[in-house]
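In the working numbering, the protein residues as written are 103 to 583.
Below is one structure; the comments refer to it alone.
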Amino acid sequence: MTKKDTAIGYEVVIGLEIHAQMSTATKMFCGCTTKFGGQPNTHTCPVCIGMPGVLPVMNKRALEFTIKAGLAANCQISRYSRFARKNYFYPDLPKGYQISQYELPICVGGSVVITTEDGEKTIGLTRIHMEEDAGKNIHEGNANYSQVDLNRAGVPLMEIVTEPDIRNPKEAAAFMRKIRSILRYLEVCDGNMEEGSLRCDANVSLRPFGEKALGTKTEVKNINSFRFVEKALEYEIKRQEKVLNSGGVITQETRLWDPSAGVTQSMRSKEEAHDYRYFPEPDLVPIAVTDDFIEELKTSMPELPDVLKGRFVDVYNLPQYDADILTSDKQLAFFFEEAVRDGANPKAASNWIMGELMRLLNEKAITIEDVRVRPSDLVGLIRLIDDGTISVKIAKVVFEEMFNTGKPAQEVVKDKGLVQISDEGHLEQTIVDIIAKNPAEAGRYKAGETKLAGFFVGEVMKATKGKANPKLVNEILRKKL
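So, in structure tokens, the structure goes:
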């Protein structure tokens, strides 16, 4: 146990419940669209708003997506499972109950490996199950009442529940990132946390060192970013520690994270399973899946992040760090591999993707799916560097123009007159002139102050507007000085 895994005097125990909205076209038990947005209460029908006498029908694609996630997370796939009614009463739950799974979930057990500061760590899973989402209460701008939008009611979710194996907030965020990556590779969830497609409830408790029994936990509800997961858990750990050290008792409750205030706030006492009065859903038949069905889904699955990461290291001889970054996003990995297939040196392609491409993606707040630069364009840029047409410094200017306009490298270089100066006679004359204008610096260099070479290189680059071939400049400078 390391210091960062603890509050002072206590061991931190964290378990996560991640809700992932599945990328199906229609809802869990009806034909309404799952498309985000729309005018309130327009993506609804008698089934998802809970009108009397209607019958739900399970979305088969949601079942397939959940099984794929279970296979990716090393779960045991249940050949027999069923839905249950989870009874509770909130305005955004039109039926007065949620259709979920309880004692017989579709995926049981499993594990996911995350990368931490101390190396790899395996986080156990309890289960992955299917359920429907609730609607949304809207409070903004209404002083005395709330409004209810049921567009989200009935949207298919998979809930991924971990064992209490997480020991600090950074591990929790790392686990969430890994789950998001796996689900996006499988194309079963878009992972859009801003739209609520992926959100997390975090259970956290403290216990004295050496104690086997878990402490009283609190649940921090509906966290929708990796940063907020860390911040909310850091605050809650300190809050619980303060209560325990003052002789107080932790209350089992549900709390909400307030990102603007940087605190968790009590929402309600935490319900136990018996409070929900679970019972088998009478309107849906049990789910029976065959070995052939599971095998068919298994063969349709793509290469997953961990496998792809290992292949990038073994086949392309990339450092582990590069492979981690490149495989963190499916489209980023595809971009890299296509560039290599088109002829790019793997390490050069990796450097450009991790450096300039990701910098510009972050600056513009867009994803790689929206980028104008194609892998073949990156290959063309790297070739211009390799054959001495442009320097690396100029290449960065060229790449940004490619990113903004979609033009290939050769066209940008031609339009802007950025071809590297490699004419030895031209460079020699430029360098002779610069040395003549700076006799004091030349004398100090000859007297042993060799760090002044950087000054002369800078003057040459200034005189040539950054177009001089750096290798030639250094060779000629050494001769002349």
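All residues carry an ideal CB built from backbone N, CA and C; glycine is no exception.
Next item on the list: Apply the 10 Å Cβ neighbour rule to residue 270 and answer buried if 16 or more other Cβ atoms are within range, or exposed otherwise.
Entry: For the purposes of this step, residue 270 is identified with residue 168 of the sequence shown, where counting begins at 1. Looking at its Cβ environment, which holds 16 or more other Cβ atoms inside 10 Å, residue 270 is buried.
Check: What are the start and end residues of the alpha helix (DSSP H) that includes residue 580?
Finding: On the sequence shown, residue 580 is found 478 positions in, with the first residue counted as 1. 572 to 582 is the span of the alpha helix (DSSP H), which, as asked, contains residue 580.
Note to self: Output needed for residue 576: all residues of its chain with C-beta closer than 6 Å, excluding positions within five of it in sequence on either side, in chain order.
What the structure shows: Within the sequence shown, numbered from 1, the residue matching residue 576 stands at position 474. If you ignore the 5 residues before and after residue 576, its C-beta comes within less than 6 Å of no other C-beta in its own chain.
Checklist line | Counted within 10 angstroms of its Cβ, other Cβ atoms place residue 275 as buried (16 or more) or exposed | finding: For this step, residue 275 is matched to residue 173 along the sequence shown. Classification of residue 275: buried, given that the 10 Å Cβ count is 16 or more.
Margin query: One question on the structure: do residue 346 and residue 308 come within less than 8 Å of each other, judged by their Cβ atoms?
Written below: As a first step, residue 346 must be located in the sequence shown, where it is residue number 244. As a first step, residue 308 must be located in the sequence shown, where it is residue number 206. Yes. Within cutoff.
Next item on the list: List the endpoints of the continuous beta strand (DSSP E) containing residue 202.
Entry: Position 100 of the sequence shown, counted from the first residue, corresponds to residue 202. First-last of the beta strand (DSSP E) with residue 202: 199 to 202.
Check: What's the gap between the Cα of residue 278 and the Cα of residue 166?
Finding: To locate residue 278, count along the sequence shown from 1; it is residue 176. To locate residue 166, count along the sequence shown from 1; it is residue 64. Spanning the two alpha carbons is a distance of roughly 22 Å.
Notebook entry, point to check: In three-state DSSP terms, what is residue 595?
Noted result: Any property of residue 595 remains undetermined from this structure, which presents the chain solely from 103 to 583.
Next item on the list: Decide if the region 182 to 189 is in contact with the region 200 to 216; the criterion is three or more beta carbon pairs, one per stretch, under 8 Å apart.
Entry: Contact check between the region 182 to 189 and the region 200 to 216: three or more CB pairs, one atom from each, fall below 8 Å, which counts as touching.
Notebook entry, point to check: Taking three-plus beta-carbon pairs below 8 Å as touching, is the region 136 to 151 in contact with the region 168 to 181?
Noted result: No, because fewer than three Cβ pairs between the region 136 to 151 and the region 168 to 181 fall closer than 8 Å, the two stretches do not touch.
Margin query: If I measure Cβ to Cβ from residue 364 and keep anything under 7 Å in the same chain, skipping five residues before and after, which residues do I get?
Written below: As a first step, residue 364 must be located in the sequence shown, where it is residue number 262. If we look at residue 364 and ignore the five residues flanking it on each side, its Cβ neighbours are 333 and 337.
Item checked: C-alpha gap between residue 418 and residue 463, whole angstroms -> Taking the first residue of the sequence shown as 1, we reach residue 418 at position 316. Taking the first residue of the sequence shown as 1, we reach residue 463 at position 361. Using only the alpha carbons, I get a separation of about 24 Å.
Margin query: Between 387, 318 and 324, which has its C-alpha nearest residue 353's C-alpha?
Written below: For the purposes of this step, residue 353 is taken as residue 251 along the sequence shown, with counting starting at 1. If we check each option's Cα against that of residue 353, 318 comes out closest.
Item checked: Identified DSSP bridge partners for residue 359 -> Here residue 359 is taken as the residue at index 257 of the sequence shown, counted from 1. By DSSP's assignment, residue 359 forms a beta bridge with 366.
Checklist line | Limits of the alpha helix (DSSP H) - the one that residue 130 falls within | finding: The residue labelled residue 130 in the question sits at position 28 within the sequence shown. For residue 130, there is no enclosing alpha helix (DSSP H), since its DSSP letter is neither H nor E.
Item checked: Rounded C-alpha distance that separates residue 196 from residue 421 -> Your numbering for residue 196 matches position 94 in the sequence shown. Your numbering for residue 421 matches position 319 in the sequence shown. Those two C-alpha atoms are separated by around 52 Å.
Notebook entry, point to check: From residue 542 to residue 409, what distance separates their C-alpha atoms?
Noted result: Along the sequence shown, read from residue 1 onward, the residue named residue 542 stands at position 440. Along the sequence shown, read from residue 1 onward, the residue named residue 409 stands at position 307. Between residue 542 and residue 409, the C-alpha separation is close to 60 Å.
Note to self: With three or more C-beta pairs closer than 8 Å as the rule, is the region 442 to 453 touching the region 490 to 500?
What the structure shows: Contact between the region 490 to 500 and the region 442 to 453 is absent, because fewer than three Cβ pairs lie under 8 Å.
Next item on the list: Can you check DSSP and say which residues form a bridge with residue 187?
Entry: Your numbering for residue 187 matches position 85 in the sequence shown. Its beta-bridge partners are 201 and 381.
Notebook entry, point to check: With which residues is residue 259 paired in a DSSP beta bridge?
Noted result: Working through the sequence shown from its first residue, we reach residue 259 at position 157. For residue 259, which the question treats as bridged, DSSP gives the partners 123 and 233.
Next item on the list: Check the C-beta distance from residue 504 over to residue 481 and give it rounded, since I have them as a contact under 8 Å.
Entry: By 1-based counting over the sequence shown, the position of residue 504 is 402. By 1-based counting over the sequence shown, the position of residue 481 is 379. Between residue 481 and residue 504 the Cβ distance is about 12 Å, and since that is not below 8 Å, they are no contact.
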